[in-house]
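Here the working numbering = 1-based position in the sequence shown + 159. Written below as structure tokens is the structure these notes are about.
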Amino acid sequence: MKTKLLLALSLLFMMFATSCNFTENITINEDGSGVMSVEMDGSELMQMAGEELAKEKQEKIDSTIVFREIFKEYKDSIAALPEEQRDILRRFEKMEMNMLMDTETREMNIGLKMKFEKASELSDMMKSFSDLRKLQGSDSGRTQPDLGFDNENSRTDYFYDGKKFKKTVVVESVEEKDDSDKKEDMYKDMFASSSYTLNYKFPEKIKSVSDKRAVVGEDKKTLTLKYSLSDYMDNPEKMSIEVEFE
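Structure, rendered in structure tokens:
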């Protein structure tokens with residue numbers, strides 16, 4: 160495939176295979192529509208690898224990739240892919256990606272954003288992350304780590320009706336453990352310093368939050384909740400949250 164498409168896919172793969180900090184942002188409007196974005200801050204990674212990249216004279220990258228336009232431009236290349244891979248890629252058509260990588264300032268930030276008409280559409284976005292990670296694993300021949308937000312053995316559903324907001328993570332299956340699970344310990348070490356933060360903004364005032372660690376803003380319309388990825392890799396359902404409004 161062409162350079163732009165390869166770059167877009169490489170950046171998506173990078174989001175789920177590096178030890179970085181993630182932020183899930185959701186803004187919901189009064190009619191239930193809104194915007195969701197998942198951002199990856201790879202600054203710590205750049206602190207370690209930035210010097211080597213600088214030696215290679217890696218140019219600064221600061222761009223926005225609109226997947227619908229990329230897929231349209233390279234439709235022939237995508238048509239040549241197996242059907243399963245095409246189906247996974249189609250789910251990203253509504254999304255766009257922002258990328259900043261600067262070896263001089265040691266910055267690396269990747270953001271994936273999607274507009275939605277109703278909160279239930281976000282379930283498909285999260286499934287896309289999981290399927291993309293499995294696609295990467297099949298291409299490379301390696302098993303990728305299960306993160307709390309894209310665990311292949313779980314499903315993430317979203318619900319909003321003006322009275323309540325729910326993010327529900329349901330474990331669908333649990334595989335028997337074997338010697339290969341030593342890989343999980345390796346991934347846990349890799350993600351030991353990684354975090355996953357929720358930043359939610361609602362049109363109504365918040366009355367209560369199921370997770371008491373959540374920090375509610377002064378206007379009572381925003382909340383922030385930070386998780387440690389290593390703590391939740393084995394228990395993705397702990398990333399469920401329910402918000403009731405006044």
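Yeah, the Cβ is synthetic: ideal placement off N, Cα and C, and Gly gets one too.
Residue i bridges to which residues according to DSSP?
i    : result
D378 : Looking at the DSSP assignment, D378 forms no beta bridge with any residue, so it has no partner.
K274 : V194
M254 : M273
K385 : T356
S282 : Paired residues: none, contrary to the question.
S367 : E403
Residue i: buried (16+ other C-beta within 10 angstroms of its C-beta) or exposed?
i    : result
G321 : exposed
I185 : buried
K219 : exposed
R265 : buried
T223 : exposed
A278 : buried
E198 : buried
P241 : exposed
V374 : exposed
D235 : exposed
E183 : buried
Y319 : buried
N394 : exposed
S369 : exposed
F308 : For F308, the predicted model reports a pLDDT of 49, less than 50, meaning its position is unreliable and no value from the coordinates is stated.
S352 : exposed
D246 : exposed
K231 : exposed
R301 : A caution first: R301 carries a pLDDT of 47, below 50, which makes its placement in the model unreliable, though a value can still be read off. Exposed is the call here.
E364 : A small fix is needed here, since residue 364 is Lys in this sequence, not Glu. It is exposed - the Cβ of K364 has fewer than 16 other Cβ atoms within 10 Å.
V330 : exposed
G376 : exposed
K326 : buried
For my contact list, residue i and residue j are in at a C-beta cut-off of 8 Å; report their separation, rounded to the angstrom.
i    : j    : result
M284 : S202 : Not really, about 25 Å apart at Cβ, beyond 8 Å.
K366 : E405 : 5 Å
F275 : M398 : Incorrect: roughly 19 Å between the Cβ atoms, too far for contact.
T383 : T356 : 7 Å
K323 : E401 : 7 Å
I269 : M254 : The pair is not a contact, with the Cβ atoms about 12 Å apart (cut-off 8 Å).
D261 : S282 : Contact doesn't hold; Cβ gap of about 34 Å is too wide.
Note the first and the last residue of the continuous beta strand (DSSP E) segment covering residue i.
i    : result
E263 : Looking at the DSSP string, E263 is not in any beta strand (DSSP E), and its letter there is neither H nor E.
F361 : F361 -> no beta strand (DSSP E), and no H or E assigned at all.
K323 : 323-330
R314 : 313-319
N180 : 180-187
E403 : 400-404
- Could you give the uninterrupted runs of the beta strand (DSSP E) lying entirely in the segment 196-251, keeping only those of 3 residues or more? 220-225
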